[in-house]
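Student:
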Amino acid sequence: MKQNIYRICSKCGHQNTADANFCLQCGTTLTTDDDYIFTPYAADKSFPLFDLELTPEELAETKNFMITKSDIIPTGYRSAGLVFAESSVSAQSGMKPVWEDLMKRLYGLMLAKHYAGVARVSIESQSAKPGQLFLTGEAFVPNNQL
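Heads up, the sequence shown is in full-length UniProt numbering, so the first residue is 1 and it goes up one at a time.
1. Take L82 and list the residues in its own chain whose beta-carbon comes closer than 8 Å to its own, dropping the five residues that flank it on each side.
2. I'd like the list of long-range same chain contacts for L52, defined as Cβ closer than 8 Å, with 5 residues on each side in sequence excluded.
3. Could you tell me which of Q145, I123 and G13 sits nearest to K69, measuring between CA atoms?
4. Going by Cα to Cα distance, which pick from S79, K63, V89 and I8 is closest to D35?
5. Return the CA-CA distance between H114 and V141, expressed in angstroms with no decimal places.
6. Nearest CA to the CA of F11: which residue from F134, C26 and I67?
7. Rounding to the nearest angstrom, what Cα-Cα distance links R78 and F38 in this structure?
8. For Q132, count the other beta carbons within 10 Å of its own beta carbon; 16 or more makes it buried, fewer makes it exposed. Which is it?
9. Which residue comes first and which comes last in the alpha helix (DSSP H) that contains Y107?
10. Does T62 come out as helix, strand or coil in the three-state DSSP assignment?
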């Protein structure tokens, strides 16, 4: 399977080659901790969230987010209401940046509101803005969270 490894700068988000020791955009020192595997046409929740300026604690919190299309909110959790996120990147940039922008906006909302996850997720393309994506869902929090 074809995979490409890049070093993503934690300061500016520039995609550098896997052997780069410094970011070609801003000069930040890069290490193997900055390595990110890109698999064509696929991704997971480990993509860099550099635009969100996360603390180590917030970054750890993002690893536990639950995002599902299911109508069922997991046991031990309750609804926190409806949520939405919209990408704002031009489709001319390609769909990958559009998807990344949508997920960054969703993650930012979940962190700000302390949501554990989102159920009933639906993602649609906006006909008025070709290539733009709009996500809706129902946020949930632990039963013991106020």
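Backbone N, C-alpha and C define an ideal beta-carbon position, used for all residues, glycine too.
As the structure is a prediction and not an experimental result, all values here were calculated from the model.
Tutor: Well, looking at it:
1. If we look at L82 and ignore the five residues flanking it on each side, its Cβ neighbours are T136, G137, E138 and A139.
2. E58, K104, Y107, G108 and L111
3. I123
4. I8
5. 7 Å
6. With the sequence shown as reference, residue 11 is identified as Lys, and Phe is not the correct amino acid for it. Taking only the C-alpha atoms, the option nearest K11 is C26.
7. 35 Å
8. buried
9. M95 to K113
10. When DSSP states are grouped into helix, strand and coil, T62 belongs to the helix group.
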